[in-house]
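Undergrad:
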Amino acid sequence: MIAFNKYYNHFNLLSLILIVVSLLLLIFKGLNFGIDFKGGTLIELRASDAKINVSSLRDRFNQMNLGDVSVKKFGNDNDFLVKFENKDNKKNIIEEIKANLDKSFGNNYDFRRVENVGPKVSAELLKSGVIAISLSLALMLIYIWIRFEWQFSLGAILALFHDVIVTLGVFSLFSLEINLSIIAAVLTIVGYSMNDTVVIFDRVRENLRKYSDIKIFELTNISINETLSRTIITSATTLLALLAIYFFGGEILKGFSLAMILGVIFGTYSSIYIANTVLVRLRVSQKTILKDDDNK
Amino acid sequence: MLYFSKLRILFITLFSILFILIASSNLFKFDDNFFDKKINLGLDLQGGSYLLLEIDNEPVIEQKLQNLTTTIRNYFKEKNIKINNIKIENQNIFFNVTENDKQSVLDVFQDENSDLNPYYPRFKSHQLEIDDTGLNFKVNFSRQGLIKLKTSSQDQAIEIVRRRVDEVGTNEPNILKRGNNRILVELPGLDDPMRIKSLLGKTANLTFRFVTNDENDRFGIEKLKFENDLDEATVSRRIIISGENLLDAQPKMDTQTNQTIVSFTLDRVGAKRFGKATSTGIGKQLAIVLDGKIISAPVVRDTIASGSGQISGGFTFQSATDLALLLRSGALPAPLEIIEERTVGPDLGQDSINAGMIALAIGFILVIIFMFIKYKIFGLITNVTLIVNLFILIGVLTLFEATLTLPGIAGIILTVGMAVDANVLIFERIKEELKDETNNILAFDGGYTKSRTAILDANITTLLAAVILFFMGSGPVKGFAVTLGVGIFTTLFSVYFIARLFTSIYVSRNKDKEKLI
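Right, dumping it as structure tokens:
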């Protein structure tokens, strides 16, 4: 049996630091919102001429007065991603750009994807993203409250908050783009982390009923160990699937799968070191759950 | 938990085969009459254009208030009630009355059978809201009145948008209402939406009005620019004919001048008015005004009684074709603005499909190898179940003709990774049971029973997340929510019926074997 409980305090401190650092990053550095949430225009461009590269594209676009333009390679050497604010929300901007690029590059390029999100829509998308994440956290809280005691519910929610905040912190640290698919990833992380926590909690509750003489400090450790091989196997298969998406699923899914990979790792960690330690700190005992059984 | 009746085995087998067949229908071409359902590919996979249009209702409200002012004035005039200083300011109509008339005016507005201020019994609200301070009245649209107005202009706009899109002839466009002031247009297979965008961006409000310099024109006059933005002309506000009077419009080649023109045919009312105007107005300039700009202002030379005519204005063949199309499909009730656009080229879509399929295959193989190494014979059972699960998932998506998007494919791959969870929970529990239970059958039974609450809780939480995503997410993300959510159900089915069936067959044949798992 692995003595996970020996490190409860150490890892609680680590998590606290991670959360504080993440929050500081989120407050002071902020998130790198994509056009979905900031508004603007995105063009994915494929070149068939070596003359077209990041710097020549940047030159061209900068001459067009589009505000802040970012030009990046996208996946391979011939694909580029161009993003700009399109502040004035000009109507025929794409046509203008095409005409302008034709002058320099002829038709040795091709727009593979064009996205244009107006300021009104991006504000709405951001709002609905925030609502979706908050709503999912609230629903999880209620669900666990119904299925378990409030102490369990609190533990699970703290673990979820930890996963969401630290994942977003990593995105902030590396300035990774937040777009609609990242919101989907965060929601799935919420589901996954919960899933993991619930399995351990289910065992904790079962053991609480079984043993009246074992303290919660020991009991959580027993429960974690009993479910450990399941935790590892499920995390492993999920990670295998996610790694396959990350490496072979194309550029568009990279951010999404990265967020999920981080989420699965944090989710697995938090189920063990946050959710359970909350139970320990709240001195959950057999009485906590028996009271409830009597009521039923 | 391990007992299966013959009937149940038959049912499970048939059910699985049925869904494998349905899923396979995406790969083979069946006779159309036999089974013609297929998974739809989202715009991000097949390529196409997604446009979200917002209706700018301000001009409509402005216009309605303008009309309402006239109606109110005439209505009370008939009733011999004097209305003073009626004016529109900030989308409110203001007027004042004398002390004697105040109550009767209020009565008219508050009467539930009033035709001036219609009452909607369903919403317990009038169309207009009245605010009186002293003898001053303020009238504007009530909440319900505004909603009615918006939905009706949305209904009109969607009809016109549909006509214009149909005229261009893209395959299977999808045109839907969003809220009460937006229209969603999905155009599969269209990789250059430029033409449609420019067609939808025009209100196409056509009027024929005389050019005049008469300051005392009974209808008022206004200065309008020509299409080239340089020249100006003063035209009367009196509308001779408008786009509504058109029956048809076609681009044509004028053989005499060798110019492209748009020829039009008028309806009876239009023809009559046009004839009358051209007979009295010989020698005058008749301006053809589209969306506040003059296309051309030819001099009337003859009475045109035939009810047909032509518009010239330096068109190219393309611009004449587009103008004819716009005139045929009618004017929008209000200007539309494209507030969101997402276009994916078909080759990027195909690349995404390929990448998604490769990722699915690799993820699948990795998970299968992992499970086989870890659980041997039971890994094999899980793997067979996983394959059947994948078929059922695709079968269900086919049956509902769901839309598969790139994140949707990611959802399927993720389902593959997470689907083994339930089996793992069961197998690990069985291992624990076997520590103090020597009877294999009892241990397996216990493993299934005792892991059930954890499996249920774990899946319900993921399902909750998927449901929220489905309702809050848009487009591609919705596709992810669908595959993730459906995946949970198919996983539970395959774990509790298919995998359990295999397990029960294997266990009952090897019930005395030691170290079964």
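Chain order of the listed sequences is A and B.
153 is the number that the working numbering gives to position 150 of the first sequence; each next residue is one higher, with no gaps.
943 is the number that the working numbering gives to position 93 of the second sequence; each next residue is one higher, with no gaps.
We treat Cβ as the ideally placed atom computed from N, Cα and C, and that holds for glycine.
Which of the residues in the region 116-129 of chain A, read from start to end, lie with their CB under 8 Å from any CB of chain B?
TA: R116, V117, E118, N119, V120, G121, K123, V124 and L128
Undergrad: So, helix, strand or coil for I1132(B), using DSSP?
TA: coil
Undergrad: Please compile the residues from chain B whose C-beta is within a distance smaller than 7 Å of the C-beta of G252(A).
TA: A1205, G1206, A1209 and A1260
Undergrad: Output, in chain order, the set of chain B residues within a Cβ distance shorter than 7 Å of I255(A).
TA: What I255(A) touches in chain B: S1202 and L1256.
Undergrad: Please classify L231(A): does DSSP put it in a helix, a strand, or coil?
TA: Secondary structure of L231(A) (DSSP, three-state): helix.
Undergrad: Does the distance from the CB of K90(A) to the CB of G70(A) come in under 7 Å?
TA: Between K90(A) and G70(A), the gap from beta carbon to beta carbon is short of 7 Å.
Undergrad: Please report the straight-line C-alpha distance between G1199(B) and A1315(B), rounded to a whole angstrom.
TA: G1199(B) and A1315(B) have their C-alpha atoms some 27 Å from each other.
Undergrad: Entirely within the region 955-1024 of chain B and at least 4 residues each: give me those alpha helix (DSSP H) ranges in chain order.
TA: Note on the region 955-1024 of chain B: whole alpha helix (DSSP H) runs with a minimum of 4 residues are 993-1018, in chain order.
Undergrad: Check whether chain A comes within 7 Å of T803(B), counting only Cβ atoms and requiring the distance to be less than that.
TA: As displayed, chain B neither begins before 851 nor continues past 1367, which places residue 803(B) out of reach and without an answer.
Undergrad: Measure the Cβ-Cβ separation of T241(A) and V201(A) and say whether it is below 7 Å.
TA: Not in contact: T241(A) and V201(A) (Cβ atoms no closer than 7 Å).
Undergrad: Answer yes or no: do K1143(B) and K1073(B) have a C-beta to C-beta separation smaller than 7 Å?
TA: Contact flag unset, no.
Undergrad: Kindly list, in the order they appear in chain A, the residues whose Cβ is closer than 8 Å to that of E1077(B).
TA: Within chain A, no residue comes near E1077(B); the closest Cβ sits about 16 Å away, beyond 8 Å.
Undergrad: For Y900(B), write down the residues that DSSP places opposite it in a beta bridge.
TA: E1036(B) and R1192(B)
Undergrad: Please identify, using Cβ separations under 7 Å, the residues of the region 68-94 of chain A that lie next to chain B, in order along the chain.
TA: Residues of the region 68-94 of chain A that bring their beta carbon within less than 7 Å of a beta carbon in chain B comprise K94, in sequence order.
Undergrad: Can you tell me where the beta strand (DSSP E) with K1075(B) in it begins and where it stops?
TA: I1071 to F1076
Undergrad: Looking at the unbroken alpha helix (DSSP H) that takes in I263(A), where does it start and where does it end?
TA: Looking at the sequence provided, one finds Met at residue 263(A) rather than Ile. Annotation for M263(A): the continuous alpha helix (DSSP H) segment containing it runs K257 to S273.
Undergrad: F1220(B) touches chain A at which residues, Cβ-Cβ below 7 Å?
TA: What F1220(B) touches in chain A: A239, T240 and L243.
Undergrad: Taking 7 Å as the CB-CB limit, is R1068(B) close to chain A?
TA: no
Undergrad: To the nearest angstrom, how far is it from the Cα of F1343(B) to the Cα of L138(A)?
TA: 28 Å
Undergrad: Which same chain residues end up closer than 6 Å to I1189(B) when comparing Cβ atoms and leaving out the 5 residues on each side of it in sequence?
TA: L902 and E904
Undergrad: By how many angstroms is the C-alpha of I292(A) removed from the C-alpha of K299(A)?
TA: Confidence in K299(A) is poor, its pLDDT being 49 and thus under 50, which makes the residue's placement unreliable; the coordinate value appears in the next sentence. Whole-angstrom Cα-Cα distance: 11 Å.
Undergrad: Enumerate in chain order the residues of its own chain whose CB-to-CB distance from L1284(B) is below 6 Å, with the five nearest sequence positions on each side excluded.
TA: If we look at L1284(B) and ignore the five residues flanking it on each side, its Cβ neighbours are A1293.
Undergrad: List the endpoints of the continuous alpha helix (DSSP H) containing Q66(A).
TA: From DSSP, Q66(A) is part of no alpha helix (DSSP H); its letter is neither H nor E.
Undergrad: Below 7 Å CB to CB, which residues in the same chain sit around T280(A) once its five sequence neighbours on both sides are set aside?
TA: Y11 and N15
Undergrad: Kindly indicate if chain B contains any beta-carbon less than 7 Å away from that of A187(A).
TA: yes
Undergrad: Express the C-alpha separation of T223(A) and V207(A) in angstroms, rounding to a whole number.
TA: Pairing V207(A) with T223(A), the inter-Cα distance amounts to about 6 Å.
Undergrad: With DSSP as the reference, label K299(A) as helix, strand or coil.
TA: A caution first: K299(A) carries a pLDDT of 49, below 50, which makes its placement in the model unreliable, though a value can still be read off. Three-state DSSP puts K299(A) in coil, outside helix and strand.
Undergrad: What in chain B is Cβ-close to F259(A), meaning under 8 Å?
TA: Within 8 Å Cβ-Cβ: P1257 and A1260.
Undergrad: For the alpha helix (DSSP H) that V1085(B) lies in, which residues bound it at each end?
TA: From DSSP, V1085(B) is part of no alpha helix (DSSP H) but of the beta strand (DSSP E) over E1082 to S1086.
Undergrad: Out of P1326(B), G1039(B) and I1367(B), which has the shortest C-alpha to C-alpha gap to I1223(B)?
TA: I1367(B)
Undergrad: Quick one: what's L1247(B) bridged to in DSSP?
TA: Looking at the DSSP assignment, L1247(B) forms no beta bridge with any residue, so it has no partner.
Undergrad: When you compare the CB positions of I1033(B) and R1012(B), do they come within less than 7 Å of one another, or not?
TA: no
Undergrad: Tell me the rounded alpha-carbon separation between T1153(B) and A1127(B).
TA: 8 Å
Undergrad: With DSSP as the reference, identify every bridge partner of M143(A), one or two as the case may be.
TA: DSSP lists no partner for M143(A).
Undergrad: Roughly how far, in whole angstroms, is the beta-carbon of L985(B) from the beta-carbon of K952(B), given that I think they are within contact range, below 8 Å?
TA: 6 Å
Undergrad: Classify T948(B) as helix, strand or coil using the three-state DSSP reduction.
TA: coil
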